[in-house]
Amino acid sequence: MAVMTRPPGTGGNSGIKVALVAFVVLTVASLTGTVIMYTYLSDKVQAAADAGERAGRAEQRVREVQAQLREFARMAVGEDTDELPAIRQSLTAAVEPIVADPKLRQANIPVDSALLTVLAEVYRQYQDQSQAAGDLLAERDQLRDDLQQMSTLTDASRQEFADKIEELQGRVREIEQQAGGNQEAWDRQVTDLTAQLDKASESAGQQLGTERQQRREIEKQLTDAQQRVQQLVATLASFRPRPDLTSALQIADGRIVRAVAGDQIVYISLGRRDGVKRGMTFAVYSRTRGIPEEGKGKATIEVSEIFETTSECHVTSTTPGDPILESDVIANPVFDRSRKYNFLVAGDFDLNFDDQIDDPGGEQVKAIIREAGGNLVDTIDTRTDFVVLGIAPAASVSTDGTETAESQELTRQREARRKAFDVIAGEARSLSIPVLTRTQFLHFIGMHVPPSGSADEISG
Numbered sequence: 010m011a012v013m014t015r016p017p018g019t020g021g022n023s024g025i026k027v028a029l030v031a032f033v034v035l036t037v038a039s040l041t042g043t044v045i046m047y048t049y050l051s052d053k054v055q056a057a058a059d060a061g062e063r064a065g066r067a068e069q070r071v072r073e074v075q076a077q078l079r080e081f082a083r084m085a086v087g088e089d090t091d092e093l094p095a096i097r098q099s100l101t102a103a104v105e106p107i108v109a110d111p112k113l114r115q116a117n118i119p120v121d122s123a124l125l126t127v128l129a130e131v132y133r134q135y136q137d138q139s140q141a142a143g144d145l146l147a148e149r150d151q152l153r154d155d156l157q158q159m160s161t162l163t164d165a166s167r168q169e170f171a172d173k174i175e176e177l178q179g180r181v182r183e184i185e186q187q188a189g190g191n192q193e194a195w196d197r198q199v200t201d202l203t204a205q206l207d208k209a210s211e212s213a214g215q216q217l218g219t220e221r222q223q224r225r226e227i228e229k230q231l232t233d234a235q236q237r238v239q240q241l242v243a244t245l246a247s248f249r250p251r252p253d254l255t256s257a258l259q260i261a262d263g264r265i266v267r268a269v270a271g272d273q274i275v276y277i278s279l280g281r282r283d284g285v286k287r288g289m290t291f292a293v294y295s296r297t298r299g300i301p302e303e304g305k306g307k308a309t310i311e312v313s314e315i316f317e318t319t320s321e322c323h324v325t326s327t328t329p330g331d332p333i334l335e336s337d338v339i340a341n342p343v344f345d346r347s348r349k350y351n352f353l354v355a356g357d358f359d360l361n362f363d364d365q366i367d368d369p370g371g372e373q374v375k376a377i378i379r380e381a382g383g384n385l386v387d388t389i390d391t392r393t394d395f396v397v398l399g400i401a402p403a404a405s406v407s408t409d410g411t412e413t414a415e416s417q418e419l420t421r422q423r424e425a426r427r428k429a430f431d432v433i434a435g436e437a438r439s440l441s442i443p444v445l446t447r448t449q450f451l452h453f454i455g456m457h458v459p460p461s462g463s464a465d466e467i468s469g
């Protein structure tokens, strides 16, 4: 096509330049926008590609996790599933009965414990049970061996017993044969023995009559002898000087050589050379009033330290308003510097004054006498110096109407003790031997008697 050309002119050239400039500017702007748009679009495409790649990796990870869950489900619960709630439900269903098992209750496994924890505890319980089962099996094997040994011994014993039985049966057969052969001879012997027995019975009857007559004569002699013994005892008692309690019980053994005012310590005139022992007790009496017949003193003392000629004593009881003074006398009927007195103890004693027998047979009283240096005797005679009498033993035992062999024996023993007590009390009176009651004895030896402890009466 032909282009029309304009004639050059000044105004026209300027417009063309402006148009060209504008065109260039617009072209550059358009190119710039295109570049920018292309760059932005390229970034978006790259971002989309990256997002797609990440989504692919995430999807691959999800598939791997699901595969792992499915594998875990197959291993843990035996199910082909990748649903976590289903797996959790199956695990809970498997764990709950295990935890609730009474045999595992002592393990205290929490319900929400992990499966491995439950398995570990179950395995530990299994090991314990296996060990116990192993021990039981070992014990069973040992018992089986023992049983086998016992069976062997039993078989041997059974065989030995059978052999013995057979031997005895053989002997029985021999004896039966001998018995059969000797039956006639035995019959003759029985006849002879019967005749001898009749003769012996007649002779025994005559001898029995003779022995009965001799028994009556012996009983008469015994009665006469007992009467003679009683006469001799009475005669002996008349020849024996009647003891004055003052001569034996109311004679002081020593005196107080020092009494510290306000102190519970005193010193007495008896020491090691006199045979005093630690723990020995004495009653303290006024030097002016002397020793009363009932033996009650103003105080009681107990030896705590022993010196050559003196002893230190601890005051165990006192009488208000009547203090221990120097030159007060002391006494203990068991103690004597020159000889040992012979004591006989009989009856039961209530030593703590609670109306209950706490010393049956007087064993504690005997121990007190023995520790104080006295001599104990079992029988009463002219050599007995003192008799300590307690409460007479009960002669019978109360029952509910039925008597057993044990209660009968106990009654017999108590009746024997009561009879012996009465005999001792009677002979003590016959021989004029001084008799001490419980309170007299405790007063004289310097042991504390409560204010409520009234004087005892002599039993028997």
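Mapped onto our numbering, the consecutive letters of the sequence shown carry residue numbers 10 to 469. Using N, Cα and C, we set each Cβ at its ideal position, and we do this for glycine too.
1) For residue 327 and residue 309, what's the separation of their Cα atoms in angstroms?
2) Which residues bound the beta strand (DSSP E) around residue 434?
3) Near residue 429, which residues of its chain fall below 8 Å by C-beta distance, leaving aside the five closest residues on each side in sequence?
4) Check residue 185 in the structure and name its three-state DSSP category.
5) Quick one, are the C-beta atoms of residue 362 and residue 459 less than 8 Å apart?
6) Looking at residue 90 and residue 102, is the spacing between their C-beta atoms short of 8 Å?
7) The beta strand (DSSP E) that contains residue 339, what's its start and end?
8) Tell me the DSSP secondary structure of residue 90 in three-state form.
9) Taking 8 Å as the cut-off, decide whether the C-beta atoms of residue 321 and residue 314 are in contact.
10) What is the DSSP secondary structure of residue 335, counted as helix, strand or coil?
11) Assign residue 457 to buried or exposed, taking buried as 16 or more other Cβ atoms, counted over all protein chains shown, within 10 Å of its Cβ.
12) Just to confirm my understanding: we take residue 371, look at its own chain, exclude 5 residues before and 5 after, and list those with CB closer than 6 Å. What are they?
13) Report the rounded CA-to-CA distance for residue 492 versus residue 383, giving the unit in angstroms.
14) State the beta-bridge partners of residue 397 as determined by DSSP.
15) Going straight from the alpha carbon of residue 455 to that of residue 227, what length do you get?
16) Nearest to residue 110 by CA position, among 376, 210, 134 and 54, is which residue?
17) Please return the same chain residues whose Cβ sits closer than 7 Å to the Cβ of residue 402, not counting the five positions on each side in sequence.
18) Where does residue 294 land, buried or exposed, given buried means 16+ other C-beta within 10 angstroms?
19) DSSP puts residue 361 in a beta bridge; with which residues?
20) Considering only residues of the same chain and omitting the five flanking positions on each side of residue 306, which have a CB-CB separation below 6 Å?
21) What does a CB cutoff of less than 6 Å around residue 57 pick up in its chain, not counting 5 residues either side in sequence?
22) Give, in chain order, every unbroken run of the beta strand (DSSP E) that is at least 3 residues long and sits entirely within the region 257-335.
23) Select from 448, 443 and 148 the residue whose C-alpha is nearest the C-alpha of residue 391.
Working from what's here:
1) If you number the sequence shown from 1, residue 327 lands on position 318. If you number the sequence shown from 1, residue 309 lands on position 300. Each residue's alpha carbon lies about 7 Å from the other.
2) Here residue 434 refers to the residue found at position 425 when the sequence shown is read from its first residue. Element bounds for residue 434: not the beta strand (DSSP E) but the alpha helix (DSSP H), 414-439.
3) Taking the sequence shown and counting its residues from 1, the one referred to as residue 429 is at position 420. Around residue 429: 355.
4) Your numbering for residue 185 matches position 176 in the sequence shown. It is helical.
5) Taking the sequence shown and counting its residues from 1, the one referred to as residue 362 is at position 353. Taking the sequence shown and counting its residues from 1, the one referred to as residue 459 is at position 450. Closer than 8 Å, so yes.
6) Stepping through the sequence shown from its first residue, residue 102 is reached at position 93. Stepping through the sequence shown from its first residue, residue 90 is reached at position 81. Their beta carbons are not under 8 Å apart, which means residue 102 does not touch residue 90 by this criterion.
7) Locating residue 339 in the sequence shown gives position 330, where the first residue counts as 1. Segment 338-340, the beta strand (DSSP E) holding residue 339.
8) By 1-based counting over the sequence shown, the position of residue 90 is 81. In the structure shown, residue 90 sits in coil (DSSP, three-state: anything other than H, G, I, E or B).
9) Mapped onto the sequence shown, residue 321 falls at position 312. Mapped onto the sequence shown, residue 314 falls at position 305. Yes.
10) One-based indexing of the sequence shown puts residue 335 at position 326. Correct three-state label for residue 335: coil.
11) Residue mapping note: residue 457 aligns to position 448 of the sequence shown, counting from 1. Classification for residue 457: exposed.
12) Here residue 371 refers to the residue found at position 362 of the sequence shown. Excluding the 5 residues flanking it on each side, residue 371 has same chain C-beta neighbours closer than 6 Å at 354, 358 and 399, in chain order.
13) Because the chain spans 10 through 469 in this model, residue 492 falls outside it and cannot be assessed.
14) Working through the sequence shown from its first residue, we reach residue 397 at position 388. Beta-bridge pairing links residue 397 to 354 and 445.
15) As a working note, residue 455 is residue 446 in the sequence shown. As a working note, residue 227 is residue 218 in the sequence shown. Taking the straight line joining both Cα atoms gives about 52 Å.
16) Mapped onto the sequence shown, residue 110 falls at position 101. Nearest to residue 110 by C-alpha distance, out of 376, 210, 134 and 54, is 134.
17) By one-based count along the sequence shown, residue 402 stands at place 393. For residue 402, same chain residues with a beta-carbon under 7 Å away, outside a window of 5 residues either side, are 356, 357, 423, 426, 427 and 430 in chain order.
18) Counting from 1 along the sequence shown, the entry for residue 294 is found at position 285. Answer is buried; the Cβ neighbour count reaches 16.
19) In the sequence shown, residue 361 corresponds to position 352, counting from 1. Under DSSP, residue 361 shares a beta bridge with no residue.
20) Stepping through the sequence shown from its first residue, residue 306 is reached at position 297. For residue 306, same chain residues with a beta-carbon under 6 Å away, outside a window of 5 residues either side, are 292, 293 and 294 in chain order.
21) The residue labelled residue 57 in the question sits at position 48 within the sequence shown. Counting only Cβ-Cβ distances below 6 Å, and skipping sequence neighbours, we find nothing.
22) For secondary structure counted as the beta strand (DSSP E) over 3 or more consecutive residues, the region 257-335 holds these complete runs in sequence order: 263-268, 274-277, 290-294, 308-315 and 320-327.
23) To locate residue 391, count along the sequence shown from 1; it is residue 382. For the set 448, 443 and 148, the Cα lying nearest the Cα of residue 391 is the one of 443.
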